[in-house]
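Student: Counted the way mature numbering (1 follows the signal peptide of the UniProt record, and there is no 0) counts, the sequence shown spans residues -18 to -1, 1 to 319.
Note that CB positions come from ideal geometry on N, CA and C, so glycine has one too.
Being a predicted model, the structure only gives us computed values, none of them experimental.
Okay, here's the structure, questions in a sec.
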Amino acid sequence: MAWRLLWVLSCHQGMVRGAVFSAVGTRYGDLNQDRGFVFDEMVGSEPGAYLLAGVFDGHGLLGDHAAQLAVDTVVAWFQEDGIRRRVHETLCQRTDAALREQQVQLILREVIQQTHERILASYDTPPHSAFYGPSGHFHFDEARHQYVSASEPDDKRPLEFGTTAILAFYDIANNTLYTAQLGDSLAALGGSAAETDPDGAKGTISARMLSLPHAHSARNKTERERVMQERNPVRLALHAIRVGPHVLRITRALGHKHLSIEPEFLVVHPQKNEQVLVLGSDGVFDIIGVEDAVRFCVEFDDPAQAAEELVIQATELARVEAEDSVDNTTAVVIFLD
């Protein structure tokens, strides 16, 4: 098989339902550095009800550690009593939509900052050993502050790791969807026009990307210019950046002291024919286009099945291109109707 299941999660929020499916692929052996989650608060469509979801794609020797820390931090943060009250009060504020949207973005910005700081703090107590797929096991050399392969002593890896992020926050009562993007994990929204438009042709799909595919890419001219102007150790390479000895294709991520964590925000009000929200790591959207992803998901009644089949489809298509290099692949599918 070209894929192996790592985990699947789901939640139900009245008629809003979400699920996560993740597959290991073949590139990293048994290692999956992707993580995803769905989390809801309150029930039905009463004021204050919302659904929060995210996908994190880790990188570096401890990328799985960074992605898991991100999930744990975000979910725990929204479960804190003070944050729960603050979110509830914000969403129940019905008189000033612009202020409400500004406050939700501020909340998301704060949890991103909190998550980044927790990953950075973990650099002070790195695990004594790490597993990196086909490269095998590594042990931490405290004197040199690096990891050394247990089987190949010349294989040394820097203590540098992080994760991309795509977060989606859906305010159910106010029908407002927020996305926050860092890196190349993406979000798409769409549905079947035939579901709501009697004149719509059967199978007609509307779809739009809620994040920018190359916004935080080292190929992006604007991002490269920003990196050049900042006074930090980050250096430009061909279609990549160097953070010390570590090479990245993205210019923003959580967990790197010298990379920006300023997210790209988008706020939309889903239309009646936009019933499906898809969040995905690059293992999904590098292989399947936004319209095809939405078209695929609307064929299912269960978001868990849609997420699973979408990931399997992406990994099988990737296998045709390179059987031994199928990336970790993760999708969150949320049905908004």
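Taking Cβ positions, are Arg100 and Thr158 nearer each other than 7 Å?
Tutor: no
Student: So the candidates are His47, Ala31, Gly30, Gly(-1); which of them puts its Cα closest to the Cα of Asn14?
Tutor: His47
Student: Going straight from the alpha carbon of Gln95 to that of Arg234, what length do you get?
Tutor: 13 Å
Student: Is it right to say Ser4 is buried, meaning 16 or more other beta carbons lie within 10 angstroms of its own, or is it exposed?
Tutor: buried
Student: Throw me the rounded Cβ distance for the Thr297 and Asp16 pair, which I believe falls under 8 Å.
Tutor: Incorrect: roughly 12 Å between the Cβ atoms, too far for contact.
Student: Determine whether the Cβ of Glu281 lies closer than 7 Å to any Cβ atom of chain C.
Tutor: You won't find chain C in this structure, because it holds only one protein chain.
Student: For Leu88, does the three-state DSSP call read helix, strand or coil?
Tutor: helix
Student: What does a CB cutoff of less than 6 Å around Pro29 pick up in its chain, not counting 5 residues either side in sequence?
Tutor: So the list reads Cys74, Ala155, once near-sequence residues are dropped.
Student: Going by alpha carbons, who is nearest to Asn310 out of Glu23, Tyr114, Ala31, Trp59?
Tutor: Nearest option by C-alpha distance: Tyr114.
Student: Do Leu241 and Val37 count as a contact pair if the criterion is CB distance below 7 Å?
Tutor: no
Student: Among all the DSSP beta bridges, which residues are the ones paired with Pro227?
Tutor: Its beta-bridge partners do not exist; DSSP assigns none.
Student: Alpha carbon to alpha carbon, how far is Phe317 from Gly(-1)? Give it in angstroms, no decimals.
Tutor: 6 Å
Student: Please report the distance separating the alpha-carbon of residue 322 from that of Val225.
Tutor: Past the edges of the chain, shown from -18 to 319, lies residue 322, and the structure says nothing about it.
Student: Given this structure, state the Cα-to-Cα distance separating Ala200 from Pro135, to the nearest angstrom.
Tutor: 31 Å
Student: What residues in its chain sit with their C-beta under 8 Å from that of Ser49, if we drop five residues either side in the sequence?
Tutor: Looking at the sequence itself, residue 49 is Ala, so the reference to Ser does not match. So the qualifying residues of the chain are Gln15, Asp16, Arg17, Phe38, Asp39, Gly40, Thr145.
Student: Are there three or more Cβ pairs, one per stretch, closer than 8 Å when the stretch 284 to 297 is compared with the stretch 216 to 231?
Tutor: no
Student: So, for Ile269: in the same chain, excluding its five sequence neighbours on each side, which residues have a beta-carbon less than 7 Å away from its beta-carbon?
Tutor: Ala296, Leu299, Ala300
Student: Pick helix, strand or coil for Glu23, following the three-state DSSP scheme.
Tutor: strand
Student: Express the C-alpha separation of Leu90 and Tyr32 in angstroms, rounding to a whole number.
Tutor: 13 Å
Student: Per DSSP, Ser159 is paired with what?
Tutor: Here the sequence assigns Leu to residue 159, which means Ser is not the residue at that position. Leu159 is bridged to Tyr152, Val250.
Student: Mind checking which residues open and close the beta strand (DSSP E) that includes His47?
Tutor: His47 -> not in any beta strand (DSSP E); alpha helix (DSSP H) instead, spanning 45 to 61.
Student: Quick check on the DSSP output: the alpha helix (DSSP H) that includes Pro116 runs from which residue to which?
Tutor: Counting along the chain, Pro116 falls outside any alpha helix (DSSP H), and DSSP gives it neither H nor E.
Student: Rounded to whole angstroms, what's the CA-CA distance from Val209 to Gly237? Just pull it up for me.
Tutor: 17 Å
Student: Please state whether DSSP places Trp(-12) in a helix, a strand or coil.
Tutor: Reliability fails at Trp(-12), whose pLDDT of 43 lies under 50, so the model's placement of it is uncertain and no value is given.
Student: How long is the line joining the alpha carbons of Ile187 and Leu292, rounded to whole angstroms?
Tutor: Taking the straight line joining both Cα atoms gives about 16 Å.
Student: In three-state DSSP terms, what is Thr97?
Tutor: helix
Student: Just to confirm my understanding: we take Ala197, look at its own chain, exclude 5 residues before and 5 after, and list those with CB closer than 6 Å. What are they?
Tutor: Closer than 6 Å at Cβ, skipping near neighbours: Glu246.
Student: Below 7 Å between beta carbons: does that hold for Cys279 and Val258?
Tutor: yes
Student: With distances taken between CB atoms, is the gap from Ala222 to Arg213 smaller than 7 Å?
Tutor: no
Student: Report the rounded CA-to-CA distance for Leu44 versus Gly165, giving the unit in angstroms.
Tutor: Roughly 17 Å separates the two Cα atoms.
Student: Give the range of the beta strand (DSSP E) segment to which Arg301 is assigned.
Tutor: Run containing Arg301: none in the beta strand (DSSP E); it sits in the alpha helix (DSSP H), 285 to 303.
Student: Between which two residues does the beta strand (DSSP E) containing Gly172 stretch?
Tutor: 168 to 174
Student: Along the chain, where does the alpha helix (DSSP H) that runs through residue 363 open and close?
Tutor: Given that the chain is displayed from residue -18 to residue 319, the structure contains no residue 363 and the question cannot be resolved.
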